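Protein sequence lines, in the order shown, are assigned to chains A and B.
Heads up: the first sequence begins at 2 in this note's numbering, then just goes up one per residue.
Heads up: the second sequence begins at 2 in this note's numbering, then just goes up one per residue.
I have placed the structure first, in the form of structure tokens, so that the comments after it can refer back to it.
Protein chains: 2
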Amino acid sequence: MPETITQSIQDYLKHIYELNENGGAASTNDIATRLNIAPASVTGMLQKLASATPPLVVYKKHQGVTLTKSGEKVALEVIRHHRLLESFLVNTLGYAWDEVHNEADKLEHVISEDFEARMAEALGHPTRDPHGELIPSADLVMPADESCPLASLRTDETATIRRVSDDDPALLRHLREIGVVPEVKIIVKNYSEFDGNLTIKVEGQKSNVVLGTAVTSQVFVDK
Amino acid sequence: MPETITQSIQDYLKHIYELNENGGAASTNDIATRLNIAPASVTGMLQKLASATPPLVVYKKHQGVTLTKSGEKVALEVIRHHRLLESFLVNTLGYAWDEVHNEADKLEHVISEDFEARMAEALGHPTRDPHGELIPSADLVMPADESCPLASLRTDETATIRRVSDDDPALLRHLREIGVVPEVKIIVKNYSEFDGNLTIKVEGQKSNVVLGTAVTSQVFVDK
DNA sequence: CAAAAAATTTAGGCTAGGCTAAAATATTTT
DNA sequence: AAAATATTTTAGCCTAGCCTAAATTTTTTG
Chain A
2 MPETITQSIQ
12 DYLKHIYELN
22 ENGGAASTND
32 IATRLNIAPA
42 SVTGMLQKLA
52 SATPPLVVYK
62 KHQGVTLTKS
72 GEKVALEVIR
82 HHRLLESFLV
92 NTLGYAWDEV
102 HNEADKLEHV
112 ISEDFEARMA
122 EALGHPTRDP
132 HGELIPSADL
142 VMPADESCPL
152 ASLRTDETAT
162 IRRVSDDDPA
172 LLRHLREIGV
182 VPEVKIIVKN
192 YSEFDGNLTI
202 KVEGQKSNVV
212 LGTAVTSQVF
222 VDK
Chain B
2 MPETITQSIQ
12 DYLKHIYELN
22 ENGGAASTND
32 IATRLNIAPA
42 SVTGMLQKLA
52 SATPPLVVYK
62 KHQGVTLTKS
72 GEKVALEVIR
82 HHRLLESFLV
92 NTLGYAWDEV
102 HNEADKLEHV
112 ISEDFEARMA
122 EALGHPTRDP
132 HGELIPSADL
142 VMPADESCPL
152 ASLRTDETAT
162 IRRVSDDDPA
172 LLRHLREIGV
182 VPEVKIIVKN
192 YSEFDGNLTI
202 KVEGQKSNVV
212 LGTAVTSQVF
222 VDK
């Protein structure tokens, strides 16, 4: 490991992990956008992370980065902290699901392993956080995720909501209101090929709702 | 306020507050010892805190520092966080009273005001933490403390344990074992004027215990 | 496929908050 | 009250992690 894994390094690795999950290598620009810092600053850090011992990322100029095994361990630890914290805040302190993200983003870097273990125990070792996102296991393995974007469904398909992106509180409040929360069943009533809008019927809700791709790309379902 | 109140500044102010509680002005050396940094580094920070707008400390060369009203507010906020967190960790996650200090030292700087309020609510707005230390109120007033060091008692005096210093886990475990915990009554059986040892009978304990000043100076009682 | 646009990297700088060594000031002891 | 000791400050330095501006790819597009 590099001498010390700073809070800043933890944040880089966490976001690189999440970017790697989607496309392949994480680009300098995408990392900069997520961390809200200048791309030039990111380049500097990537070089540092790549030449740490052991290296935390694999970096080739102009081609983005991927995590090494060591880097991934750090990322998964932070993500486990984040998601356990979100669950803990909802369960224990009555936070709403749109209020936990920022708090967890700060706490994830400072809690001890003991704190992590006590939360997991108190929560009954959950495998998903309040948004349905998978929680890496204590030995830092990320469970397989079968879900696909709601946006990929078409007319007459049915599915079960599995998870929603946790970083937009306003979107979370809206989804809560229309009943789009994990484990709820839906059926697609209509797909519009012009704007990608989906009209869906949500289990337990009286009326259908029409959702644009800005929403349906953030909601993940199992068919 | 200075542009930003960093974690480091919060720590300085917290420790200066505690040093001010004992003697008058906090000395450069004492601050350095508590923060585990070089005295020269402390001087630099004190100058910075003194020339902030508004100033957070009153600083005169070679004469130590005291907090300004602004500095005190920051210190009390941090101390409130710390002590609420200690209570929360004990109550909610089953920590022992000797295990909470380090965790609280890290968390105190990152929790939100919302988190603070939710903890206070969940705990029923406590006025003391698990070590009996007073918790500043939500509007940042420190309750008056009437207690005096156990070390100041003499033969035949009786008293009630009010609080114990929270920063030495080994001492805390020992005190727990011999029943020296807040709200317990004691009676001094003997005072040795040579070494300052006190022989005390602790309510609910079969045998007397002899405590040196290293212990009795860390335990505070109401007569 | 060349030119324009976008992405990335290099170069040089800045701030926060540490450090050590040496100088200055206080305090204590004789 | 002078010498010795302890404390505090100054001076100069260092690292982490950010910044902007300019140079260099890489990618897209006419």
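C-beta atoms are modelled at their ideal positions from N, C-alpha and C, and glycine is treated no differently.
For clarity, every value in this text was computed on a predicted model and none was experimentally measured.
At a beta-carbon threshold of 7 angstroms, the residues of chain A lying near S113 (chain B) are E104, ordered along the chain.
K186 (chain A) counts as exposed, since fewer than 16 other C-beta atoms from the protein chains shown sit within 10 angstroms of its C-beta.
Our two residues, T29 (chain B) and V79 (chain B), have alpha carbons roughly 21 angstroms apart in a direct line. Its Cα nearest to that of D115 (chain B), the residue B:A139 stands out among B:E22, B:I201, B:T34 and B:A139.
For G95 (chain B), the chain A residues whose C-beta falls within less than 7 angstroms of its own C-beta are R119, listed in chain order. Residues of the same chain with a CB within less than 8 angstroms of the CB of K74 (chain A), apart from the 5 flanking positions on each side, are L141 in chain order. Residue-level contact by beta carbon holds for K107 (chain A) and chain B, with a gap shorter than 8 angstroms. Residues of the region 121–153 of chain B with a Cβ closer than 7 angstroms to any Cβ of chain A, in chain order: A123. Put simply, the CB of F195 (chain A) is far from chain B, with every gap to its CB atoms at 8 angstroms or more. Shown here for I179 (chain A): same chain residues with a beta carbon closer than 8 angstroms to its own, the five before and five after excluded, namely V203, Q206 and V210 in chain order. For K49 (chain A), the enclosing alpha helix (DSSP H) stretches over residues P40 to A51. Pairing S42 (chain B) with L57 (chain B) gives a Cβ-Cβ distance that is not under 8 angstroms. In the three-state reduction of the DSSP assignment, N30 (chain A) falls in the helix class, which pools H, G and I. As summarised for the region 165–194 of chain B, the continuous alpha helix (DSSP H) elements at least 4 residues long and confined to that stretch are 170–178, given in chain order.
Check the Cα spacing between T69 (chain B) and each of B:L135, B:K15, B:R35 and B:N23: the tightest is with B:K15. DSSP, reduced to helix, strand and coil, places K207 (chain B) outside both helices and strands of the structure shown, so it counts as coil.
In terms of beta-carbon proximity, F116 (chain A) lines the interface with chain B, with at least one pair separated by less than 8 angstroms. Under the three-state reduction of DSSP, D157 (chain A) is assigned to coil, being neither helix nor strand. When the beta-carbon positions are compared, R163 (chain A) and S148 (chain A) come within less than 8 angstroms of each other. One alpha carbon belongs to L135 (chain B), the other to K107 (chain B), and they sit about 19 angstroms apart. Listed in chain order, the non-local C-beta contacts of R35 (chain A) below 7 angstroms within the same chain comprise H16, local neighbours out to five positions each way being set aside. Residues of the same chain with a CB within less than 8 angstroms of the CB of A33 (chain A), apart from the 5 flanking positions on each side, are A39, P40, S42 and V43 in chain order. The C-alpha of E19 (chain A) lies about 20 angstroms from the C-alpha of K49 (chain A).
Under the three-state reduction of DSSP output, T128 (chain B) falls in the coil class, being neither helix nor strand. Counting only the Cα atoms, L176 (chain A) lies some 19 angstroms from K224 (chain A). Selection B:A26, B:M143, B:L86 and B:L77 evaluated against K61 (chain B) yields B:A26 as nearest (Cα-Cα). If you compare the alpha carbons of B:V165, B:F195 and B:K190 with that of T217 (chain B), the shortest gap goes to B:V165. The three-state reading of DSSP puts I17 (chain A) in helix, counting H, G and I together. Annotated three-state conformation of K70 (chain A) is helix, per DSSP.
By the criterion of a C-beta distance shorter than 8 angstroms, A121 (chain B) is surrounded in its chain by L85, P127 and A139, once the five residues flanking it on both sides are discounted. In the three-state DSSP reduction, L212 (chain B) falls in the strand class (E or B). For T200 (chain A), the three-state secondary structure derived from DSSP is strand.
Residue pairing by DSSP places L151 (chain A) opposite no residue, since no beta bridge is assigned to it. Of the other Cβ atoms in all chains shown, 16 or more fall within 10 Å of the Cβ of S88 (chain A); this residue is therefore buried.
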